[in-house]
Amino acid sequence: MIDTSLRWIVLAPLVGAAVNGLLNRRLPRRAAGLVGCAAVAVSLALAVRAVLRLAALPADERVLTDTLGRWIASGSLQVDAGFLLDPLSAVMILVVTGVGFLIHVYSLGYMAHNAGLPRFFAFLNLFIGAMLVLVLAENLPLLFIGWEGVGLCSYLLISFWFDAEANADAGRKAFITNRVGDFGALLAMFVLGVALLPHLGPGEGLFSFPVLRAHAHDLTGVATLASLLLFLGVTGKSAQIPLYIWLPDAMAGPTPVSALIHAATMVTAGVYLMARLSFLFVLSPAAMSVVAGVGIGTALFAATIAVAQTDIKKVLAYSTVSQLGYMVAACGVGAFAAGVFHVVTHAFFKALLFLGAGSVIHAMHHEQDLRAMGGLARRLPLTWPTMLAGTLAIAGVPPLAGFVSKDEILFAAFLGARGGFPWLWLAGFLTAGLTAFYMMRLIALAFLGESRASPEARANVHESPPTMTVPLVVLAALSVAGGFLGWPHALGGGARLQAWLAPVFASGHGAAADGGHGSAGLEWTLAGVSTLIAIAGLGLGYLAYVRRPRLVAAARAWLGGRPAQVLGRKYFVDELYGRLIYRPLQRLADVVCFRWVDRGLIDNLLVGGSAVVTIFTGSLLRLMQNGLVRFYAWVFALGVTVFAVYLTFLG
Amino acid sequence: MITVPPVNWPALLPYLVIGGGGLVVMLVDAFVRTLRKDHLTALTGLVFLGAAIAMIAVKPEPGPQLGGMLTVQMYTRFFDFLLLGIGLVTTVYGSAVYSQDGDYRPEFYPLVLFAVLGMMVLVAASDLLILFLGIETMSLAVYALVCGRRGELRSSEAALKYLLLGSFASAFLLMGAALLYGCAGGTSYAALAAVGGTGEGGPLFAVGLGLVLVGFAFKVAMVPFHMWTPDVYDGAPAHVTGFMATAVKAAAFGALIRFVTIALPGLAAHWSGLLTVLTVLTMTAGNLLALVQASIKRMLAYSSIAHAGYLLLGVLAILAPAGGDPGRPLRESAVVQAAGSGLLFYLLGYCLMNLAAFGVISQLGRSGGVEADQVDHYRGLSGRQPVAAAVLAVAMFSLAGIPGTVGFLGKFYLFEAAIRAQLVPLAIWGVVNSLLSVYYYLRVVVVMYMSDDQTEPFDGRNWETILLAGCLAALVVLLGVFPAAVHGLTSLAFGTMLG
């Protein structure tokens, strides 16, 4: 069905971005914030309306489209500028505009004292617009525009406070790392295009998702290659091994940005892409195995790093990488619905945790080091319980949101094991324990115990204004109750989200895991075990950081300084990349490209050389231009003579 | 007894309007005492508009006129419109310059009209006699226009040089026509084509054609018949230089293309070698010499030589397939069609961008007729006159052939046709040349935008001229982005000439 309101969902935030961006400082601060929030509010309202319309349709006809016109028309390459709303994009736009709106409101308070407020809201609105293009796009090229657009906004917002070199560096790191992934995504698009072109029927747009899906059987030959290239893009955008390195550094941006872009929405774009192209991924069991392995590997790896971080935002950043690993792993075992479910619940509790962390940072006057906090529970009466709710949710305590979606993924991983031992499940299970532990550590260091802040900092601690605490409360409620959206059948629920998404996803290899072939008994068992490890992790954290702080010191002494250093320095991955990739490339660029090719060959020989030769010749010729008519006539006559001779004897 | 051929008045109406208008303007200036200065501008403008309206309103049956002396067809009408437009723009530029000079030059107006009349006849000529008549009508008027600043030595010197060398060239043209008459027994293009096609012309015929070509080569400034160009372009007032660089060149190429396509196809094999050498020489010498100029007018003079070289490449592309297969009519060849419409498109774009550039140059002068003719005079112009600087910059980008401008597409069409005509080395040489040219065109932009204001600025400013030049620059960009409609038109126009 056609619904022309889709374009306004995308356009509203873009208009907001244009107003804030063009008027910039001429706009009063309050107005800038209001425009920014109102633009997203309009988008949210329209999104809700469109999704309600979609829900009113019968389950197998749930598609709304809005075509703006033909965008590319070049021979057999036809691409429309069009939007498509189906159950999958419906979930995504609700998350993007809903969580986005809350974070906009929060920013009113958090960023109130910043110069450049209009610029901030312009970028934030632009991000929402680009993200909506990404999830509503009807075809790959348009999706890619959104994909690049959110990357650009991420870069702009990470280095929002660009007067500090470190922030600018972090922005560049994010952008360049993502380029590697984007290159893969582009190549994947070319591969798909080349493979599909000969099979295209008349009037079919080459990269349109419905067309791709209908032609999935023509893509079997390139499925592995295309999936792996796409997955390279996913590892960039969704921060998976080996391209996850930019996300922790991205915390240099303002905290609402970390919450919105680097936790709740943009980083889930990779998961969305895999869900959108599920029909392609399931064609290649090999690619699926890679996806699952990388995802769960990232989850475990990042969780171990999170244990040793001292910056409150860095802990959450590695936690985000780890949770994204879960989502990617879910796609890898074919449980796309579970992956998307985790996208939703993670958006709730991770946005909550980041905003809570922002509230803490706000209260502590931009102190981010956990070692300088402590005892904040009494001083921040609203932030404390909401943070606790977020922590319990991410740790996987039933019946909170994180428990349900994570359990779905672990269950699918357990079933997806093709013979032999369920390694994926085990890794995910260990990650769950680590998650509970490092989150408890964060809570303990920040909120419990005695304050370690300096006396004057301690005196100034204050709870945040309502613009910041209200979004916290709302998100806390969602984190507590969000799990009931998709409470699984086996545990006596309705699995409504899974049913809603079912028409979008391909059936095929591994997808069976979604349907729940495992017995209810198995699911109950796994859920029980997960709950136990979550509680064990929380308990251990409580014990180590609140009850018996000496345990930590004792453990350090027993292990020696080495493991803590390895974790604290994040397994030296940045150093490794520096040695293996950055430095050789830099030398190559400097010596070969710059000194030899650019300066030597091009500048000196080609540019300089040709300039010398041409100017010299020109100067010589110029001597002939002596201004004497007699000489001119003589040259003329010479020319005529040559003409006549040539035509008489040679012509 | 000589029979008077039937006269098809509607077809001749535009020529009559322009010629008659020229006489009226001249007489009004001589006898109407109460004339204000801008009345002549308005009257001249009306004559141009009247001729244009006559062409739009009265649509004669296309075909030969006056017993085959002239041909009126869409091809000639395309050039008529182009030339009328250039005449009109030149009139506006000229009035602005003379009012700035404080020097009233009433003879300017009828001279422009007569020059345009000569050009229109030149393009429409189907007979060597009419060709000569057109060339001379045009040239005599232009000689006098070059001397537009009588008080200035440079201007008079330029006019005299042009007159002397121009007469020299005309003598060769006339000699060539005489030889051709001797061989073919007639002076019409058709008669030449008949003899040329049989290959019975012999060396005298070939030399005759060669001498006619010399006449053309002089007018379009091909190397080695170009020596007058920089001196004359430099000495003439800027608006006249603009007129010469555009109208004279367009008319001469319009006539040359017709002459080559109609009278020469059978002889293409004799010609292509010679024309190839001319093309290479013209492109290369024009660009190399433009590189070392400090005067913007001399630079544009050499640039116009270089552009003549690119245009010759198109002419060669028309001849090339005919040379390969003499028996095959030209109109059946897609390459000929592509080259011809490319040529017309290129000429149109070339006129637009040059007129825009010369408009800016002409209005920047100081009172008393001192022109901003050195590249250095444009230092920091973007700060003083941002609109004028932008217009000049667009013109320079287009002349250099930067994408997004009509100059790029013109070159693209021409080089594409050349490649299709299997003139690959020549096309590559053309690209290398246009690469060279980027340097001297962009130097003007660099000077305007990236260097400090000079101490003694030229601050002439005429809003009518800037507005007009701005419209032309806008067209340069517009046609550079949406060429389809106009390219279709040029394609159609060239097609009518092939028959």
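First to last, the sequence lines map onto chains Z and W. All letters in the first sequence, in the order written, are residues 2 to 652 by the working numbering. All letters in the second sequence, in the order written, are residues 2 to 500 by the working numbering. All C-beta atoms, glycine included, are put in the ideal place defined by N, C-alpha and C.
May I ask you to report which of helix, strand or coil DSSP gives residue i?
| i | result |
| --- | --- |
| Z:Gly483 | helix |
| Z:Gly70 | strand |
| Z:Ala138 | strand |
| W:Arg106 | coil |
| W:Thr77 | helix |
| Z:Val80 | strand |
| W:Asp460 | coil |
| W:Pro7 | coil |
| W:Gln101 | helix |
| W:Ser305 | helix |
| W:Pro204 | helix |
Between residue i and the ligand HEM, is the CB less than 7 Å from at least one heavy atom?
| i | result |
| --- | --- |
| Z:Ser160 | The model on display carries no ligand, and the ligand HEM is accordingly not part of it. |
Counting only beta-carbon separations shorter than 8 Å, does residue i have a partner in chain Z?
| i | result |
| --- | --- |
| W:Phe173 | yes |
| W:Phe260 | no |
| W:Pro387 | no |
| W:Pro231 | yes |
| W:Pro426 | no |
| W:Leu193 | no |
| W:Ala159 | no |
| W:Pro404 | no |
| W:Leu317 | no |
| W:Leu290 | yes |
| W:Ala286 | yes |
| W:Gly211 | yes |
| W:Pro484 | no |
| W:Ala207 | yes |
Nearest CA to the CA of residue i: which residue from the options?
| i | options | result |
| --- | --- | --- |
| W:Ile57 | W:Met70, W:Asp81, W:Arg37 and W:Pro65 | W:Asp81 |
| Z:Pro119 | Z:Val567, Z:Ile242 and Z:Leu28 | Z:Leu28 |
| W:Pro11 | W:Val5, W:Leu67 and W:Thr283 | W:Leu67 |
| Z:Leu53 | Z:Leu95, Z:Phe84 and Z:Val80 | Z:Leu95 |
| Z:Ser228 | Z:Arg596, Z:Gln499 and Z:Gly333 | Z:Gly333 |
| W:Leu312 | W:Ser296, W:Tyr105, W:Ala485 and W:Phe254 | W:Phe254 |
| Z:Ala535 | Z:Gly628, Z:Pro585 and Z:Asp408 | Z:Asp408 |
| Z:Pro382 | Z:Arg71, Z:Leu274, Z:Val136 and Z:Val471 | Z:Val471 |
| Z:Gly234 | Z:Trp148, Z:Leu301 and Z:Ala253 | Z:Trp148 |
Are residue i and residue j close, meaning C-beta to C-beta below 8 Å?
| i | j | result |
| --- | --- | --- |
| W:Leu301 | W:Met223 | no |
| W:Thr138 | W:Thr92 | no |
| Z:Lys351 | Z:Ala264 | yes |
| W:Gly496 | W:Ala418 | no |
| Z:Leu193 | Z:Asp219 | no |
| W:Val376 | W:Gly236 | no |
| Z:Ser239 | Z:Val268 | yes |
| W:Ala194 | W:Ile263 | yes |
| W:Val261 | W:Ala159 | no |
| W:Met121 | W:Leu84 | yes |
Any C-beta of chain W sitting closer than 8 Å to the C-beta of residue i?
| i | result |
| --- | --- |
| Z:Ala260 | no |
| Z:His510 | Below a pLDDT of 50, predicted positions are generally treated as unreliable, and Z:His510, at 42, falls in that range; no measurement from the model is reported. |
| Z:Ile616 | yes |
| Z:Arg623 | yes |
| Z:Val613 | no |
| Z:Pro14 | no |
| Z:Ser620 | yes |
| Z:Gln626 | yes |
Does the CB of residue i have a neighbour CB from chain A at under 8 Å?
| i | result |
| --- | --- |
| W:Pro266 | Note that chain A does not occur in the displayed structure, where the protein chains are Z and W. |
message: Please give me, in chain order, every unbroken run of the alpha helix (DSSP H) with length at least 4 that falls completely inside the region 97 to 172 of chain Z.
response: Counting whole runs of 4 or more residues, the region 97 to 172 of chain Z contains the alpha helix (DSSP H) stretches 118 to 137 and 141 to 159.
field: In chain order, each alpha helix (DSSP H) run of at least 4 residues that lies wholly inside the region 354 to 438 of chain W
entry: Along the length of the region 354 to 438 of chain W, whole alpha helix (DSSP H) runs at least 4 residues long occupy 382 to 385, 387 to 401 and 407 to 421, reported in chain order.
query: Which parts of the region 260 to 286 of chain Z are runs of the alpha helix (DSSP H), unbroken and 4 residues or longer, counting only runs that do not cross its ends?
result: The qualifying runs are 270 to 277 and 279 to 282.
task: Let me know the alpha helix (DSSP H) ranges lying completely inside the region 499 to 577 of chain Z, each 4 residues or longer, listed in chain order.
output: Here the runs fully enclosed are 513 to 516, 521 to 543, 550 to 560 and 562 to 569.
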